[in-house]
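Protein chains in written order, with the working numbering: chain D, 152 to 446; chain R, 152 to 446; chain H, 152 to 446; chain E, 152 to 446. As structure tokens, the structure follows; a few thoughts come after it.
Number of protein chains: 4
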Amino acid sequence: MTVNELVKAMGKAGAYNGGALAKAADLYEKMLRDKQATKFFGLAGAMVPAGMGGIVSDLIEAGHIDVLVSTGANLTHDIIEAIGCRHFHGTAFCNDVELRHDEINRIYDVYLPNEAFETFEAFMQKTFSELEPESRISISGLLAHIGSRTKSGILHTAARKKIPVYCPAVQDSMVGLQYWLFSQTNHVTVDAFADMPALMDRCFSVKKAGALLVGGGVPKNFILQSMLMTPNGFDYAVQLTGDRPDLGGLSGATLDEARSWGKITEDAQAVTVYGDATITLPLLVAAVMERMHHG
Amino acid sequence: MTVNELVKAMGKAGAYNGGALAKAADLYEKMLRDKQATKFFGLAGAMVPAGMGGIVSDLIEAGHIDVLVSTGANLTHDIIEAIGCRHFHGTAFCNDVELRHDEINRIYDVYLPNEAFETFEAFMQKTFSELEPESRISISGLLAHIGSRTKSGILHTAARKKIPVYCPAVQDSMVGLQYWLFSQTNHVTVDAFADMPALMDRCFSVKKAGALLVGGGVPKNFILQSMLMTPNGFDYAVQLTGDRPDLGGLSGATLDEARSWGKITEDAQAVTVYGDATITLPLLVAAVMERMHHG
Amino acid sequence: MTVNELVKAMGKAGAYNGGALAKAADLYEKMLRDKQATKFFGLAGAMVPAGMGGIVSDLIEAGHIDVLVSTGANLTHDIIEAIGCRHFHGTAFCNDVELRHDEINRIYDVYLPNEAFETFEAFMQKTFSELEPESRISISGLLAHIGSRTKSGILHTAARKKIPVYCPAVQDSMVGLQYWLFSQTNHVTVDAFADMPALMDRCFSVKKAGALLVGGGVPKNFILQSMLMTPNGFDYAVQLTGDRPDLGGLSGATLDEARSWGKITEDAQAVTVYGDATITLPLLVAAVMERMHHG
Amino acid sequence: MTVNELVKAMGKAGAYNGGALAKAADLYEKMLRDKQATKFFGLAGAMVPAGMGGIVSDLIEAGHIDVLVSTGANLTHDIIEAIGCRHFHGTAFCNDVELRHDEINRIYDVYLPNEAFETFEAFMQKTFSELEPESRISISGLLAHIGSRTKSGILHTAARKKIPVYCPAVQDSMVGLQYWLFSQTNHVTVDAFADMPALMDRCFSVKKAGALLVGGGVPKNFILQSMLMTPNGFDYAVQLTGDRPDLGGLSGATLDEARSWGKITEDAQAVTVYGDATITLPLLVAAVMERMHHG
């Protein structure tokens, strides 16, 4: 049984999040096939340490992502993998003080040795030192600079394909901490708002727009709000989130809520699949890629 | 890409619930291949209206379930489908008063017209009328009687394969309400505890035991507690649940907690996958069946 | 600041589950003050080991519960406390194999030594031995018998106040396992359906009805379905649950869904508060009792 | 019954999140009473539209917050309330297209009319126009400038008390969109990293540190990571979150995980309460303030 056959069977069963996943696959296929649609991709959470980076790189490579918005955490771990360090499989049921003594950092059941951060520091400081002194740079410019120095991964693929990567809260990550270290003795200004004009121009000029939102957080909000100032809105939206709506946070908010704001259009097609994206993202992408490869 | 290849890829990514699902597949395969192991299956929630009944029937047919414990809701909807009525795909975002006026009953995004319950009532009353008057019967006996009168579905397959179906809270379902109706003019005693001796005998005599628990509720607890009075415990346990542990309910409890009670053995292999079983159950079963079919 | 003042302030803030809690308090007060309304109380989960038993006993004592539906787990732990055993505060982050060796059973962060179950067994066997030989008994009859032998707690208070306690899945608990033990050498038939006539009669004859549902599970479904066969429905419903609707299970289902079935009336007032009932139940009850005591 | 008495009773019951809340109150009291401890406060989600802003302002006023980290959404709504606009109580079960036609923006069950954003735009553009032309400013500097122009609320109180407010992802909010509008015709550079030196200096120099984390998101991560580059770590940490750990996101991560990284010290006291902060935050703060006022 192929993955697409399984997803189609979930659509026939048709209920709860299995049914939603099948609808999401239909919608994501439609969005990818719509040549007029600009495709946004939001990557929240800590998906790269969980091994989801390859899917994102592949989607960029295949031309399925036009604008990527990510947390700093995902980009930190993308770089860590690109420079040859590895995440290990561990367990969430452990003694964190012992891990601390063993110099292992834990992300739920993913383990990352401290030495990865030492390699990371060396790479980042060298990379930052190649920025033009006394210059002013945007966050996406900083990330493209890093991507031009890595040989694989999301930032590398995005840089090669000239896909902008936005990361509004870049300070809130190891990338940011390394930049702070660099900035103590160097003067390059990272302009927090320098990415806005190009993004807003794009949002004003899109014919149609679609978004795949993996998790919530800053990436989801930043993507959805980008249409707020324009007469446009997203025409397609697929959301894979583990959060719940009743807590009032944007991460778990329904996409219908986004309709009241005009972030998505009144008649936008929108599907939310609740669940862990380490399951729903591979399922969705494998099913849709199977369809794309068969015409 | 086949489903098993996807699940193996999730195992390589290795984290969060995607990683857990891959481990669950390995463990469920091992459990099914262990000829010494008695296989329990717990079916909570409202999985049958969501189209999951076929998977359960197929597993019984293939000899992969030795003991089934279910909620009454699942069995009610199994009968409804077996007698030719259908569940429809709707939406959870609707006006329930209008549905009421349209005589449609809603289970999240599954719609069931009232007329299905009329057909159900006729079938159930006829079926109950064929019970021996003034007799005493166990709940599994009552369910086997029903299964002998249906032509497809879980109860039918279980009856044909002589697999006991336990449903401790049978009163708590439409099956129960129909029985109450029948009992107003008939006298058959359903003995609440009549199933216990056979189940306990089996638990005392198993060489090894494994459980696949879909959701929590009564089925999970009833299966796990069945080992409490014996010197045995479950050797394998796979749990697919959407609940969370910190609320203290058994439905979201970790399987490690079951270790403290001796419900699973000290060195039992146990994996929990958090998420909606309408996604995780088809994924798990399709992957493992693919392996079983290839030797 | 009194608890009621806090809840009123949450109502003024007015959003998410804090706002819902304030609405729930208003509705529960209205329901308790409605002398025509029969009051149902559903107690799911494992609330008694978490110290919530006293609140339930107090509500029964004060005449605020007319019909109680519980899981067997809650009643098991109610008896355990009533016969002088204690639950201990532990941690959920522990080694369950070590707990097993120390003969401690864990419920999330509640610890119960095995010796409590020894005391429990002695008490239960003695209590069951006082049942009339060869008789037939309902589940609520069995529970009232136990309540007549304890000196405090939910079953005791309910027995004293002649409030029926229904527990459809009584087999699915330590009470049930003890009964199985007893039944190996004794013959008392517990009739699974013997409680239905009195409950259904009551449901047919109520003028108005209200329900406070703590958690979901069998208690919630059994209470709500009790109106299904009648022309009536619940006029008031307050639900405190930690589950979520999108998984399709009844435990997390909205009360609006119940409207489509006619379990609650078309114009019933209904409020759901999502969250852990060890927080929301004491808050709700303390606020409403404060109001009741002031007229 | 006072709120503190209720929280103490939850501590006596002692289990699940009710027990955790009582422990959190004890710990937060200890942290506030520790004169050596620098107090961080993380405010994620959309807490201000839910009426939680007053609690935060009061804590700043009382000297209980030394460093505040917030999402842009909370600050946007803080400004909206400070300039006289109001959030309304609505329902989450509504037609969002109709809301769109009525020019009402929805945040779960909070409604905000579009006209509030018109007033907001006028205020923000005027406020930004008073920035020194061609200057370079930090995000906290920008927010302090806004706070100096409002007459109430979080930003106002923080500005008056000279408490820094950090908002790493300020672009990701209506404040950010307004700034983009302003920046089209004005040149003030908001330096994304200008806040780091003062924050890092503070983290290097603290004797002890404590954090109250409301929700996860950028505020939680930014606060916890601030200690990563220092030999210090948080000595106290209280987390109120509705997320769950198994999804791997930081928002639901246990505080023990933070121990492996050294974000909190090996022997830090740390408590997580899972649930909606519109319930847990008022409960926690009311109980602890009651204690502080009685010596």
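In this text, a Cβ means the ideal position worked out from N, Cα and C, and glycines have one as well. Remember, predicted model here, so these are calculated numbers, not experimental data.
For the pair Ala388(D) and Ile430(D), the CB atoms are not nearer than the 8 Å cut-off.
Within the same chain, Cβ atoms closer than 6 Å to the Cβ of Pro319(H) are found at Val369, Phe373, the five residues on either side in sequence being excluded.
Listed in chain order, the alpha helix (DSSP H) elements of length 4 or more contained wholly in the stretch 204-266 of chain E are 204-212, 223-233, 247-252. For Pro370(R), not one C-beta of chain D is nearer than 8 Å to its own C-beta.
Here DSSP, grouped into helix, strand and coil, assigns Glu417(H) to strand. When DSSP states are grouped into helix, strand and coil, Lys163(R) belongs to the helix group. The beta carbon of Glu266(E) does not come within 8 Å of any beta carbon belonging to chain H, so the residue lies off that interface. Of all residues in the stretch 354-388 of chain H, those with a C-beta nearer than 7 Å to a C-beta of chain R are Gly366, Gly368, Val369, Asn372, Phe373, Gln376, Leu379, Met380, reading in chain order.
Residues of chain E with a Cβ closer than 8 Å to the Cβ of Thr429(H) are, in chain order, Met161, Ala164, Ala166, Tyr167, Asn168, Gly169, Gly170. In the same chain as Asp247(R), and ignoring 5 residues on each side of it, the C-beta atoms closer than 7 Å to its own belong to Arg257, in chain order. Judged by DSSP secondary structure, Ala197(E) falls outside any beta strand (DSSP E); it is assigned neither H nor E. Secondary structure at Arg184(E): helix, using DSSP grouped into helix, strand and coil.
The stretch 205-223 of chain H makes no contact with the stretch 257-276 of chain H: fewer than 3 CB pairs, one atom from each, lie closer than 8 Å.
When secondary structure is reduced to three states using DSSP, Leu391(D) falls in the strand class. Asn155(E) and Gly162(E) have their C-alpha atoms some 10 Å from each other. Within the model, the alpha-carbon separation for Met378(R) versus Trp331(R) is close to 32 Å.
Contact annotation for Leu398(R) against chain E: Tyr167 [CB-CB distance below 7 Å, chain order]. Among the residues of chain D, none has a CB under 7 Å from the CB of Tyr259(H); the nearest is roughly 14 Å distant. Three or more Cβ pairs drawn from the stretch 351-362 of chain R and the stretch 386-402 of chain R lie within less than 8 Å of each other, which places the two stretches in contact. DSSP places Ala362(H) inside the beta strand (DSSP E), whose first and last residues are 359-365. By the neighbour-count criterion, in which 16 or more other beta carbons inside 10 Å mark a residue as buried, Asn265(D) falls on the exposed side. The beta carbons of Gly426(D) and Gly426(R) sit closer together than 8 Å. Remark: fewer than three beta-carbon pairs, one from each stretch, lie closer than 8 Å, so the stretch 291-308 of chain D and the stretch 290-303 of chain E are not flagged as touching.
For Ser291(E), the enclosing alpha helix (DSSP H) begins and ends at 290-300.
Distance between Asp397(D) and Ile255(E), taken at the CA atoms: about 19 Å.
Using a CB distance cut-off of 8 Å, Tyr262(E) does not count as an interface residue toward chain R. The residues Leu282, His296, Val339, Thr340, Val341, Asp342, Ala345, in chain order, have a CB closer than 8 Å to that of Ile288(D) in the same chain once the five nearest residues on each side in sequence are set aside. Within chain H, the residues Arg395 have their CB atoms less than 7 Å from the CB of Arg395(D), given in chain order.
Counted as a single uninterrupted DSSP element, the alpha helix (DSSP H) harbouring Asp352(H) occupies residues 347-356.
Our two residues, Val436(D) and Arg442(D), have alpha carbons roughly 10 Å apart in a direct line. Excluding five sequence positions before and after Ile230(E), the CB atoms of its chain that fall closer than 8 Å to its own CB belong to Phe271, Phe274, Met275, Ile297, Thr301, Gly304, Leu306, Val326, given in chain order. Taken through DSSP and simplified to helix, strand or coil, Val339(H) comes out as coil. Taking the C-beta atoms as reference points, Ala409(R) is found nearer than 8 Å to Leu375(R). Within the DSSP secondary-structure output, Arg287(E) pairs in a beta bridge with Thr340(E). When C-alpha distances from Phe268(R) are compared across Ala224(R), Ala213(R), Gly446(R), the shortest belongs to Ala224(R).
Chain R has a Cβ within less than 8 Å of the Cβ of Val154(D).
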